[in-house]
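Take a look at the structure set out below.
2 protein chains.
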Amino acid sequence: MGGDHAPQVVIAGADMARARHADLHFLLFGDEAAIAPLIKARAGLERQAEIVHTPDRVEPDAKPSQVLRHGRKSSMGLAIEAVKEGRAAAVVSAGNTGALMALSKFVLKTLPGIERPAIGSLMPTRRREIVFLDLGANAECDAENLVQFAVMGEVFAREVLGIDKPTVGLLNIGTEDLKGNDTIRQAAAALRESSLPIEFRGFVEGTDLTNGTTDVVVTDGFTGNVALKVAEGTAGLYTHFLRQAFKSSFLSRIGYLLSRGALNTLRQRLDPRRYNGAMFLGLNGVVIKSHGGTDALGFANAINVAVDLVQQGTNQRITAELGKLEDEVIRGLKARAS
Amino acid sequence: MGGDHAPQVVIAGADMARARHADLHFLLFGDEAAIAPLIKARAGLERQAEIVHTPDRVEPDAKPSQVLRHGRKSSMGLAIEAVKEGRAAAVVSAGNTGALMALSKFVLKTLPGIERPAIGSLMPTRRREIVFLDLGANAECDAENLVQFAVMGEVFAREVLGIDKPTVGLLNIGTEDLKGNDTIRQAAAALRESSLPIEFRGFVEGTDLTNGTTDVVVTDGFTGNVALKVAEGTAGLYTHFLRQAFKSSFLSRIGYLLSRGALNTLRQRLDPRRYNGAMFLGLNGVVIKSHGGTDALGFANAINVAVDLVQQGTNQRITAELGKLEDEVIRGLKARAS
């Protein structure tokens, strides 16, 4: 029931996701009266879907604290509960991000060794796709959080993206050791001294995010959220100016018509729907957040991300790596701090 | 002597700046043997320029602390000294940013009421150009710093951009009052309660930077530096993909040729050289930092920014506004904090 165009987009997206994963089974939490007719119209989906009627829903502007008090029986709350009880392998929602994170933490708990989950997403670069986290779950982070995010991002890049030895960078305002603030300098020292098999490349800058300098870029949720939205905004601005440029003369209109095929390829390449499906990493269960304004194709992509995470056993791998981390890096950090 | 292509770019840029401001007079600090032949080749510039031979220069990778100890007699140090002594109205440099800020603070001091200067720049948006600060002078800021940045940005937008009642936003990860961290919530409260004639619009997000939602966007130097570089990187990525798209087929190559004029207009509109010339706001003197990798056109633009700031008496206006601020907002902040 979450997102700007629910439940239509969710149902159409689920139907589309079946194209890539024929054996999916869906539990659809929400208002049966709204969902049932949409399912009926899709025979293929109807055979693989089950409606769990849930009259309550989380409002888009509800505060996490309110949702924790009153939202446990909402469609969002019960969908997360299904993951906890093993009736679902993952939950995908286009609803209220803060509520989804708060309920997920409360119901599923974090993985052993993780203090706070992070929101991660794939980003397009000049090289290949990279993993960027945290995108806004934690407005303030300490060094230990950042080290944990680095481990989670690295495991994700290795297991889900299939990169052999993923490189990891910490986002900073310069690449020299002295740049930034104490928190990221401590996190960098911990990662540098660690014997974990992480290819830590030190500090990276804002331009490295799109250059694809490292396979994983780690930052706190404040900086990550701003960076993600600035990237979205700049791409939108560029598209806006490009459209104006093509409309500006008769010749350029003809030029546009001739280049249309190539420009569509460009559009697809930067299509935000391709990157839809932010991962809540560090939870004891797979939770994927779809953009609230996406369409069926974008929602289907978020479902695909969930399937990838489940099939690759990403959480189990993160737990294993964090077991080693706990024994080592975190102790080092604590020793330095005291 | 600063930047990737000094002194050639600096001299050619100065020559170009004369086109807009015919009555400029330049003091050129640096190695006379390198500069003199370049000046000789430009009769117009030669009449309006004077070389101050300075054998020492600040190295691009020198640390601010080293420069404060040994860099006072460098070309950068003496150029700033000339502003202090009233022999120059402004200093423009393409050299080491940290060194320029450290020397400027040491020699010129900050304006009354300003604890820390900020780096501000113009940014292109869907609407009109906006002022964005701090771009990296202060990796960590308190609420008082942010309030001072808001005042400086507002005065700049009013006096230099000529905007009647510039609107001001604080960069955050959401627009609701509870988003972000204590520091920006305190700064927002201080600006909201202030009786200063500032059109404060509360929190803005990363996408608002390119939408041009407010005329001034204020943030700490860490977030601002990352945001600026992510915007640069994303524009570069888009250009890269666009070039690939046009090259991808015979038809799209023809399309490119027909659209070339319009695409050049687009390129000019987003040309980073147009936005070259970051302002060190809050100093008792006008200091402009040019991008180190810019060309003559970019450097000329940085000189133009310096001329604008001097002609509009921006520093005097900032001082006047901050006088009111000191009496009011800062006291409120201190009362809340204690």
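If you read the sequences in order, they're chains P and R.
Take 162 as the starting number for the first sequence in our numbering and just add one per residue.
Take 162 as the starting number for the second sequence in our numbering and just add one per residue.
Where is the CB? At the ideal position from N, CA and C, for every residue including glycine.
None of these values were measured; they are calculated from a predicted model.
Which residue comes first and which comes last in the alpha helix (DSSP H) that contains residue i?
i                 : result
Arg353 of chain R : 343-354
Met177 of chain R : 169-178
Glu242 of chain P : 236-245
Ser420 of chain R : 411-431
Gly459 of chain P : 457-472
Leu219 of chain P : Reading the sequence as shown, one finds Val at residue 219 of chain P and not Leu. Val219 of chain P -> no alpha helix (DSSP H), and no H or E assigned at all.
Leu199 of chain R : 193-201
Which residues of chain P have a Cβ atom closer than 9 Å to the Cβ of residue i, listed in chain order?
i                 : result
Ala350 of chain R : Residues of chain P passing the Cβ test: none, with the nearest at roughly 17 Å.
Asn342 of chain R : Ala300, Glu301, Phe383
Thr215 of chain R : By Cβ distance, chain P contributes nothing, its closest Cβ being about 26 Å from Thr215 of chain R, past 9 Å.
Leu483 of chain R : Ordered by position in chain P, no residue passes the 9 Å Cβ test against Leu483 of chain R, which lies about 26 Å from the chain.
Gly297 of chain R : Ile334, Gly335
For residue i, go through chain R and note every residue whose CB falls closer than 7 Å to its CB, in chain order.
i                 : result
Lys390 of chain P : Glu366, Gly367, Thr368
Ala167 of chain P : The premise fails here: Ala167 of chain P is roughly 21 Å from chain R at the closest Cβ pair, so nothing lies under 7 Å.
Ala423 of chain P : Ala406, Phe407, Ser409, Ser410, Ser413
Asn437 of chain P : Going along chain R, no residue has its Cβ under 7 Å from Asn437 of chain P, so there is no contact; the nearest lies around 16 Å.
Going along chain P, which residues have a C-beta under 7 Å from residue i?
i                 : result
Thr371 of chain R : Gly394, Thr395, Gly397, Leu398
Leu332 of chain R : Val387
What is the rounded straight-line gap between the Cα of residue i and the Cα of residue j?
i                 : j                 : result
Glu220 of chain P : Arg277 of chain P : 24 Å
Thr477 of chain P : Ala318 of chain P : The sequence as given places Gln at residue 477 of chain P; Thr does not occur at that position. If you take the alpha carbons of Gln477 of chain P and Ala318 of chain P, they lie about 14 Å apart.
Ala304 of chain P : Gln347 of chain P : 6 Å
Val252 of chain R : Leu444 of chain R : 12 Å
Ser413 of chain P : Glu393 of chain R : 26 Å
Lys340 of chain P : Gln405 of chain P : 40 Å
Thr344 of chain P : Leu483 of chain P : 20 Å
Lys234 of chain R : Thr215 of chain R : 8 Å
Val466 of chain R : Ser236 of chain R : 21 Å
Gly274 of chain P : Leu307 of chain P : 13 Å
Ser254 of chain R : Gly330 of chain P : 31 Å
Asn333 of chain P : Thr374 of chain R : 27 Å
Gly191 of chain R : Ile200 of chain R : 13 Å
Val542 of chain R : Leu352 of chain R : Residue 542 of chain R lies beyond the stretch modelled for chain R, which goes from 162 to 499, so this question has no answer here.
Asp376 of chain P : Ala194 of chain P : 45 Å
Thr336 of chain P : Leu398 of chain R : 21 Å
Gly163 of chain P : Gly438 of chain P : 14 Å
Tyr436 of chain R : Ile464 of chain R : 12 Å
Ala481 of chain P : Lys390 of chain P : 33 Å
Check the Cβ of residue i against every Cβ in chain P and list those closer than 8 Å, keeping chain order.
i                 : result
His401 of chain R : Arg287
Arg430 of chain R : Phe402
Ser451 of chain R : By Cβ distance, chain P contributes nothing, its closest Cβ being about 18 Å from Ser451 of chain R, past 8 Å.
Thr426 of chain R : Ala406, Ser409
Can you name the residues of chain R whose CB is closer than 8 Å to the CB of residue i?
i                 : result
Arg230 of chain P : Simply none; closest approach about 16 Å.
Tyr417 of chain P : Gly416, Ser420
Ile359 of chain P : None at all; the shortest Cβ gap to chain R is about 22 Å.
Leu269 of chain P : Near Leu269 of chain P there are no residues of chain R at all, since even the closest Cβ is about 23 Å away, more than 8 Å.
Looking at the unbroken beta strand (DSSP E) that takes in residue i, where does it start and where does it end?
i                 : result
Val448 of chain P : 447-450
Ala321 of chain R : It is Val, not Ala, that sits at residue 321 of chain R in the sequence shown. Unbroken run through Val321 of chain R: none, as it is neither H nor E.
Glu211 of chain R : 210-214
Leu229 of chain P : No beta strand (DSSP E) holds Leu229 of chain P; the alpha helix (DSSP H) holding it covers 225-231.
Leu185 of chain P : Here Leu185 of chain P belongs to no beta strand (DSSP E), and DSSP marks it neither H nor E.
Met440 of chain P : 439-442
Gly330 of chain R : 328-332
Ala251 of chain P : 251-254
Does the beta-carbon of residue i, which I'm using as the reference point, lie nearer than 7 Å to any heavy atom of the ligand ATP?
i                 : result
Thr475 of chain P : Among the components modelled here there is no ligand, and therefore nothing to report on the ligand ATP.
Closer than 9 Å by beta-carbon distance: list the chain R residues that pair up with residue i, in chain order.
i                 : result
Val321 of chain P : What Val321 of chain P touches in chain R: nothing, since even the nearest Cβ is about 23 Å away.
Closer than 8 Å is the cut-off here; do at least three beta carbon pairs connect the segment 442-461 of chain R with the segment 167-180 of chain R? yes
Considering only residues of the segment 353-406 of chain R, which uninterrupted beta strand (DSSP E) runs meet the minimum length of 3 residues and lie entirely inside it, listed in chain order? 360-365, 377-379
Is it a yes or a no for the segment 238-245 of chain R touching the segment 200-208 of chain R, going by three-plus beta-carbon pairs under 8 Å? no
Could I get the ranges of all uninterrupted beta strand (DSSP E) runs contained in the segment 269-302 of chain P, with 3 residues as the minimum, in chain order? 279-284, 291-294
Three CB pairs or more closer than 8 Å across the segment 429-448 of chain P and the segment 250-266 of chain P: yes
May I ask you to verify whether the segment 325-337 of chain P touches the segment 279-289 of chain P, counting CB pairs closer than 8 Å and requiring at least 3? no
Indicate whether the contact test is met: 3 or more Cβ pairs, each with one atom in the segment 415-426 of chain R and one in the segment 426-437 of chain P, closer than 8 Å. no
Just checking, does the segment 283-297 of chain P make contact with the segment 381-391 of chain P on the three C-beta pairs under 8 Å criterion? yes
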